[in-house]
Structure formats: C-alpha cells, structure tokens
Amino acid sequence: MPEDWKKANVTVVFKTGKKEVLGNYWPDSLTSIPGNVMECLILKAISWHMDGKKVIRSTQHGFTKGKSCLANLISFYDKISTWTDKGRLGRCLLSNFTGDTKLGGVADTPEYCAVLQKDLSRLERWAENHLKFNKGKCRDLHLGKNNSMYQYRLRNDLLESKSAGKDLGILVDNKLSISQQCALLSRKANGVLGCIRKSIDSRLREVIQPLYSALVWPHLEYSVQFWAPRYKKDMELLEHIQ
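Position in the sequence shown (first residue = 1) + 82 = my numbering.
Here you go:
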C-alpha cells in the first residue's frame, strides 16, 4: 500500500466532561479517497472471512452489517425491562457498539451481585490487551425497586453510581423512563432554533425549512423508535419544537 494512503488528517473532537482531560476527546481522521476505495474492494472478503471464523460475536453492533445504535439499544434494554418487570433472575448480558460496552444482569441477592462483579473483573482483564476501559467514564446504573445498590468496582476503583446516564447518545434513567431524554432533546433543539433565529434574518419557509431539517430534525429523529414518548406531557414538549 502506498505510504500516502496510510496518512490521515486527524482532528480532535471534544465529547463531554472536562476539556482539560485528554480522555474526553475523540480523534476523527480523514484518509485519502483512493485508500477508501481500495478498502471497499476488499471489505467483502474480510467480512466473509470473519463471519466464517466467528470472529465477531452476535452481541457486537458497531460496524456490523444490519446492526446499528438503535439495534443495540433495543436488544439490550428489551432484556433489561423484561428482568425488571418480572423480577426474575437472569444471566449476565454483554453488548458492544464500537468503543462502548455494557454489562448487565439481575443481581438481587449478595451471591448474584458477587457473580456480576466477577464477570466485570473478567471483562476488565480481557480489555487489558490494548483496549483498556476509561474508568473516568464508567458508570453504574441500578434498576428496580428492590435493588441492593451494590457497589461494583474496576480493580481498586469503585464505579460511580448514577440515577441516569447516556447510552449511545440516549439518556437512560434508573426507572427506564424517557422523560429526561425528551427534556434534554427539547433544550438542545430549542438552543439550535435560537441560533438559527439570531443568525438568519429571513423567515421564509424555503430558507428556514432546510436549516431545520439539517440542524434540528436529526436530534429528534435519532433512535426515536427506542425512546419514542409515551406520556402526553413528553409529546407536548416535543411538539412545541415543531
């Protein structure tokens, strides 16, 4: 492969958290077009080989044909909601999307909490091979009314317990309610609309509609099949944006 095809223009993109922490930035690289074309030519052969050798597990959703962020969210939380609704004990569940990993299980007794902690420790040992977890971004979300609130850890560090957290861009709380997600989207979309109003003098439909479709609508459309509002107050909150 020519050396120029291996080169890339890398831009560092800030995600969340404190800006002075390097772990809160994400590298975004732009490679050469000929190199990208060559990658497409061999993609089928590589995918066929990896599928035949069972290299990629069914729980992997990132960069996998026929799967997406939406598929990851639905498949994981469908099992989680079943556990919380029926109160039955379940096995640990591992779900991946690119660099994001979730580990879940029903643990309503000290014994099952210890089992889940053991699985978490095994997962961390596996990840030590050039794929270490960013402990500053690891969170613990307890679900269910009778949860023991067991404190899990990665090595010697206790995981911070949160009542809500973002999963692939969707805000999920410990009640599996989407009201906080709707409120967050409302603030974000209204903020973008405010910028449009301040930046654009024209109020003509042919001017505003393309901007709305490009800058506001994607926020409301992303994985909406997963977090679609069910309560009237949440629906009204989002309808005000439109």
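All residues carry an ideal CB built from backbone N, CA and C; glycine is no exception.
Residue i to residue j span [Cα, whole Å]
| i | j | result |
| --- | --- | --- |
| residue 284 | residue 291 | 11 Å |
| residue 148 | residue 308 | 17 Å |
| residue 84 | residue 109 | 23 Å |
| residue 173 | residue 163 | Below a pLDDT of 50, predicted positions are generally treated as unreliable, and residue 173, at 44, falls in that range; no measurement from the model is reported. |
| residue 116 | residue 124 | 13 Å |
| residue 311 | residue 245 | 20 Å |
| residue 207 | residue 158 | 23 Å |
| residue 161 | residue 134 | 28 Å |
| residue 126 | residue 288 | 42 Å |
| residue 205 | residue 306 | 31 Å |
| residue 128 | residue 233 | 42 Å |
| residue 114 | residue 93 | 15 Å |
| residue 193 | residue 281 | 59 Å |
| residue 184 | residue 286 | 46 Å |
| residue 176 | residue 105 | Annotation note: pLDDT 49 at residue 176 (below 50); position unreliable, coordinate value reported separately. The alpha-carbon atoms of residue 176 and residue 105 are separated by roughly 23 Å. |
| residue 62 | residue 152 | There is simply no residue 62 to check, as the chain begins at 83 and stops at 324 in what is shown. |
| residue 64 | residue 231 | Since the first residue shown for the chain is 83 and the last is 324, residue 64 is missing from the structure and cannot be characterised. |
Inter-residue CB distance, residue i and residue j (contact presumed, cutoff 8 Å)
| i | j | result |
| --- | --- | --- |
| residue 298 | residue 275 | 6 Å |
| residue 260 | residue 182 | Not confirmed; about 19 Å, so no contact. |
| residue 223 | residue 272 | With a Cβ gap of about 27 Å, residue 223 and residue 272 do not count as contacting. |
| residue 241 | residue 220 | 6 Å |
| residue 302 | residue 267 | 6 Å |
Option in the options with minimal Cα separation from residue i
| i | options | result |
| --- | --- | --- |
| residue 210 | 236, 84 and 118 | 236 |
| residue 167 | 130, 227 and 123 | 227 |
| residue 294 | 250, 266, 324 and 232 | 324 |
| residue 86 | 98, 118 and 264 | 118 |
| residue 216 | 88, 99, 318 and 95 | 99 |
Any non-hydrogen atom of the ligand NAD within 8 Å of residue i CB
| i | result |
| --- | --- |
| residue 223 | The ligand NAD is not part of this structure, which contains no ligands at all. |
At least 3 beta-carbon pairs within less than 8 Å: the segment 195 to 203 vs the segment 139 to 154 | Contact between the segment 195 to 203 and the segment 139 to 154 is absent, with fewer than three C-beta pairs closer than 8 Å.
Which ranges would you report for the beta strand (DSSP E) in the segment 203 to 279 if only whole runs of at least 3 residues count?
-> Whole beta strand (DSSP E) segments, 3+ residues: 246 to 249 and 252 to 255.
Fully enclosed by the segment 105 to 176, which beta strand (DSSP E) runs are 3 residues long or longer?
-> If we require 3 residues or more, the beta strand (DSSP E) runs fully inside the segment 105 to 176 come out as 107 to 113.
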